[in-house]
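Protein chains in written order, with the working numbering: chain G, 0 to 283; chain W, 97 to 190; chain L, 195 to 629; chain E, -9 to 356.
Even glycine gets a Cβ: it sits at the ideal position worked out from N, Cα and C.
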Amino acid sequence: MRIFVCIKQVPDSAQIRVHPVTNTIMRQGVPTIINPYDLFGLEEALRLRDRFGGEVTVMTMGPPMASDSLRKALTYGADRAVLLTDRFFAGSDTLATSYALANLIQKASDNWGKPDIVFCGKQTIDGDTAQVGPGIARRLGLTQLTYVSSIDAIDPSHGTITVRRRADHGVQVLQSRLPAMITMMEGSNEIRRGRIEDALRAASAEVVQWNAAAAGITDLGHCGLRGSPTVVKKVFAPPSREEKATLVGEGAANPTAVANDLITQIFARQPVLEGDLMHAAARH
Amino acid sequence: MSDRVENRLFQNRYVVDVGRPHITVKPHVNPSDALVAMTRVCPAGCYSRNDQGQVEIVADGCMECGTCRVVCAQTGEIEWSYPRGGFGVLFKFG
Amino acid sequence: MTRNHFDAIVVGAGPSGNAAAYMLAQRGLNVLQIERGEYAGSKNVQGAILYADALEKIIPDFRDEAPLERHIVEQRVWMMDDAGHTGMHHRSDDYNEDKPNRYTILRAQFDKWFSRCVKEAGATVIYETTVTSLMRDASGWVVGVHTDRNGEGITADVVILAEGVNGLVGRASGLREELKPENVALAVKEMHFLPQEVIDARFNLKGDEGVVIEAMGTITEGMVGTAFLYTNRESISVGIGCMVSDFTDVGQATPHGLLDRFKAHPSIRPLLEGSEIKEYAAHLIPEGGYKAIPELVGNGWLVVGDAGHFVNAVHREGSNLAMTTGRLAAETVADIILSGGSCSRHNLAAYVDAVKESFVMKDMKKYKDIHGFLKKGRHVVDLYPRLMNRAAQTWFRVDGVDKRSKESTIMREAWRARGIGGLMGDAFKLMRAWR
Amino acid sequence: MNSSAPRPAAAAGSRAGMKKELPEHFRSYKHVWVFIEFEQGEIHPVSLELLGEGRKLADQLQVELAGVLLGGCGAALTGAAGICHSYGADVVYVVAHPVLADYRNEPYTRVMTDLVRKFEPEIMLLGATVLGRDLAGSVATTLQTGLTADCTELAIDDERSLAATRPTFGGSLLCTIHTLNFRPQMATVRPRVMPLPVPDTSRTGRIVEYQAELEESDIVTKVIDFLADRNSESAQLAFADVAVAGGLGLRSAENVSLVRDLAQVLGGDWGGSRPLVQKGWIPSDRQIGQTGKTIRPRLYIAAGISGAIQHRVGVEGSDLIVAINTDPNAPIFEFAHLGVVGDATVLLPALTEAFRSRLAVNRLAG
């Protein structure tokens, strides 16, 4: 199988802190990591390759330093890494990003053949939009399978695939056709540690680097800020909550009295919840 | 308040290797003085004493300094190794 | 041989390992460096002060690219009691030279940069890989390493152990003894962030100038140790360290409690006011001195840096000794391999000679007794700072008491506290240890 | 070069960033649309919340509010359209077709883009649910317009432009995003952020039926099964409306059942803090907190949990946090909304009983 995996180098958002006094974001020392959701896609890709043969190509659009993340993906066992980097892409929103990545995938297909599957993360942890994957699928006409928790069956020769997909109230079992764009749910697998051979190979491997022209992108009007219909007008820190918990049941006669007090307070603050809970209780 | 070590550790970056603690305390009835001392001396506050008096460790906040390894080397009460490559504490400034 | 064979394997990417790997790659050797952290520096902790000289001998123009914080123009040494400090400040515009002598650095960033230099020099560097043991042949000769990654071991003509103070690989392989609690210090440190202008104003600095404060006294609660405060560009490193054996046997404090007390000290608190803590770190420092230096070479292996106990505790030097021993090891190994020799214990002994010839061993030797003195003479860290502060206060406070009486009060207090014999003895012992 | 990370307001000279006159062909785009999620015969609450929010936007713009309903069965859709009217929709576009019976990206995208091109809304809102996020990206890409995902606040600025505010970097920052020169302006909005409006059953409105031209044979993806969560035993913490968690204050493994009992009465799910996992009292897929699961239920009850910062990070997004702890100085009281100082092992059974009778009484009354 030929598999492409789109990854993104992101700031480790768990390390981002807002200064409690100035209410500004503190950026010092925030490390970059591979978007954790992308790793579920990468691992699934590696498993499919191990099962069916073929190769896994990881790719990203980003600044030159994003090649660190690609190299790390190679240590997990990916076969090839491609970086699309150009100042024209700066400031891309989801639409412009999916344009660039779709072109990157196109160019990679010309070089190494068309992919059976393109994996993307469910979403990124810096943007959280979950829109780039669907955007790529749309642009390339790939079957769109988002929030996949497992691939139940796959037949590369007939181009069929069966997956379990997370829906809002349950799991959909979908049967569809390749080539597909798949985003994997978190927790569906665990990224492997590459073998020592992978680590050695990755250390000296070449990361293919293309600029816009090399990737065959000529219409720069679709790239970066110019190609982004959305505009960020304001960035600000959320107001912090100052007040502490309201204590309930002090001086109450017994636990039952405390419990009743508490329930009254809960439903006073969440009036709709009571109805919904009753509704749910009645259904059971 | 600032003595709460977990609030400090929260500033740090860790990749916890879930299910593979790199330090373990061997089963014991009565801990040695050295092991008991670690409940105070461990700079990450990883060691604590349970109700029965045994010393337990939760190594998630470990900074891999090795103090407990050195202190308990003679008593042999703990097993100490580095976390697997890439796991454990990751200093941003060092 | 197989593609997994290298001329040399360097275990660890701290200052000593990076120095060794860089020099070996520079000499054209096929080097593999293995680091267990996600990136070089991710497991490393230091104050941190970079001494230019040791690095200059490896990368002469490092100042152009290395991430340096501030160059040091002022050194303060403080003797602290509970209420204040008495100290010496040395500041000179001479330090604002073309090529400054000392810099503050952030190790995670500095080591990352150094590691990039190593890669650019041509070494193969792999991260997130922990060396678990040495590979030996039937005769016990070290021929490579095993790692915690799946796959075969990796072989090399020589393994340079730059694995840091804990030195698990060497210890597990029986190359050296376990560390003793009285030979290592535990230091804890916090990174306090403040705007650059605030730091400049508080410490009377401009441009890239920096200040270093080393402090001892009652802050270590009777334990042998020191505290420090270093200015970085937009942060302050503040930390405290004491001998591990003192932490367990003498002190009653937690390490972080000790640090909190130091930070709350009236001489320190105003310097940190309003700062935001962004990291808390702990590390061991090998302070056993000359007598704790282990076996440095054997068939197919040698030891550099903290793993070799190369720290000058008196002058708070370590990373420069690490870089120097790393460089000397690399030069020895390169000479041997390029001339077709084998990395036997006998041939590698040239490294030990080179270390002896350098400032590293000379300095270690000079202070070989200081450690024992401090350990036996705990009053040096507690009583003397108290006395000094009392003396200073008696001296400076204008309160209608005549100066001659003040002088005799000071002397009387000193005698009462320590006795004339004790005072003389301390002076003598300190002189001998220092000599 | 972030696809969506905050970036400064567009630099001068960039095409999309400048406030220009809206291109001629977009001038006719009017009205506010809400995509109504209709699955298993029920409207997703987020769609009703959006009708409430959309009503405000439409009133401010002095345009109509429309709901868009897709599904397989015309009769069911007509009933649902009535609900949309009572929640504020002036008009409901109804598209009934057997191909649309279950949600699938392909036919839904096709129908939605067709509708937009034909009826030209200026704003289109969807819930930031699994379905909404799957659909919105495809529709926005096909229409080549701007989409702001996962919003928590919507407003109309003084230039009649939609100002969509969303959290980013895991909630440590908020940013406000505009789509200035493209239409429709699309946004997905997080469930339970906007208040559920009070329905007015006397309200009526128009229904516009639209005939979609779809062939099942054209659609490559088939739904072969649906496994509802309510029949599943595994932890559904991430999706639960109510979560109950226990900490060391439970004192023994047996007392974990007290947490489970309360969760069951409330129809929610349960979990625990990290030490309970380490002691082996609960399985690791039920760990709540930074290294475990991050949850955002409507009601979170923490019993015997001190609330170290790692735990706080995992539950902070909950709508209402209730803490029970014996230590009045426990950090959890710093960020909980309601607190009881007391023994969790005593209070949990009392609370379970009290909830049980309260919900039962109300059910009888209702």
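Bridge partner(s) assigned by DSSP for residue i
i                      : result
residue 298 of chain L : L:243 and L:264
residue 350 of chain L : L:200
residue 143 of chain G : G:180
residue 29 of chain E  : E:32
residue 296 of chain E : DSSP, once it has assigned bridges, lists no residue as partnering residue 296 of chain E.
residue 155 of chain E : E:143 and E:166
residue 310 of chain E : E:289
residue 175 of chain G : G:160
residue 79 of chain G  : G:56
residue 212 of chain E : G:174
residue 271 of chain E : The partner list for residue 271 of chain E (beta bridge, DSSP) is empty, contrary to what the question assumes.
residue 214 of chain G : According to DSSP, which records beta bridges pairwise, residue 214 of chain G is partnered with nothing at all.
residue 123 of chain E : Note: residue 123 of chain E sits in no beta bridge, so no partner.
residue 57 of chain E  : E:24 and E:82
Backbone secondary structure at residue i - three-state DSSP
i                      : result
residue 183 of chain G : strand
residue 329 of chain L : strand
residue 221 of chain G : helix
residue 138 of chain W : coil
residue 88 of chain G  : helix
residue 562 of chain L : coil
residue 151 of chain G : strand
residue 145 of chain W : strand
residue 207 of chain E : helix
residue 7 of chain E   : Annotation note: pLDDT 48 at residue 7 of chain E (below 50); position unreliable, no value reported.
residue 37 of chain G  : helix
residue 450 of chain L : helix
C-alpha distance - residue i paired with residue j, whole-angstrom precision
i                      : j                      : result
residue 313 of chain E : residue 257 of chain G : 13 Å
residue -1 of chain E  : residue 423 of chain L : Note on residue -1 of chain E: pLDDT 39, under 50, position unreliable in the model; the coordinate value appears next. Cα-Cα distance, rounded: 40 Å.
residue 12 of chain G  : residue 298 of chain E : 19 Å
residue 322 of chain L : residue 476 of chain L : 20 Å
residue 54 of chain E  : residue 17 of chain E  : 16 Å
residue 4 of chain E   : residue 224 of chain G : With a pLDDT of 44 at residue 4 of chain E, under the threshold of 50, the modelled position of this residue cannot be trusted; read the value that follows with caution. Residue 4 of chain E and residue 224 of chain G: Cα-Cα distance of roughly 6 Å.
residue 203 of chain G : residue 71 of chain G  : 12 Å
residue 526 of chain L : residue 499 of chain L : 15 Å
residue 139 of chain E : residue 228 of chain G : 13 Å
residue 370 of chain L : residue 452 of chain L : 32 Å
residue 115 of chain E : residue 176 of chain E : 6 Å
residue 93 of chain G  : residue 130 of chain G : 6 Å
residue 202 of chain E : residue 102 of chain E : 10 Å
Supposed close pair residue i, residue j - CB separation, criterion 8 Å
i                      : j                      : result
residue 164 of chain L : residue 397 of chain L : Summary: the structure shown does not reach residue 164 of chain L, with chain L confined to residues 195 through 629, and so no result is reported for it.
residue 125 of chain W : residue 160 of chain W : Incorrect: roughly 28 Å between the Cβ atoms, too far for contact.
residue 234 of chain G : residue 141 of chain E : That pair is no contact at about 15 Å.
residue 39 of chain G  : residue 222 of chain G : 28 Å between Cβ atoms; not a contact.
residue 235 of chain E : residue 293 of chain E : 7 Å
residue 168 of chain W : residue 142 of chain W : So it is not a contact: roughly 13 Å between Cβ atoms.
C-beta atoms of residue i and residue j nearer than 7 Å
i                      : j                      : result
residue 241 of chain L : residue 431 of chain L : yes
residue 496 of chain L : residue 348 of chain L : no
residue 204 of chain L : residue 227 of chain L : yes
residue 117 of chain G : residue 180 of chain G : yes
residue 165 of chain G : residue 120 of chain E : yes
residue 208 of chain L : residue 352 of chain L : no
residue 166 of chain W : residue 373 of chain L : yes
residue 132 of chain G : residue 119 of chain G : yes
residue 72 of chain E  : residue 41 of chain E  : no
residue 230 of chain E : residue 259 of chain E : yes
beta-carbon residue i near the ligand MN non-hydrogen atom, thresh 6 Å
i                      : result
residue 144 of chain G : This structure simply doesn't include the ligand MN, nor any ligand for that matter.
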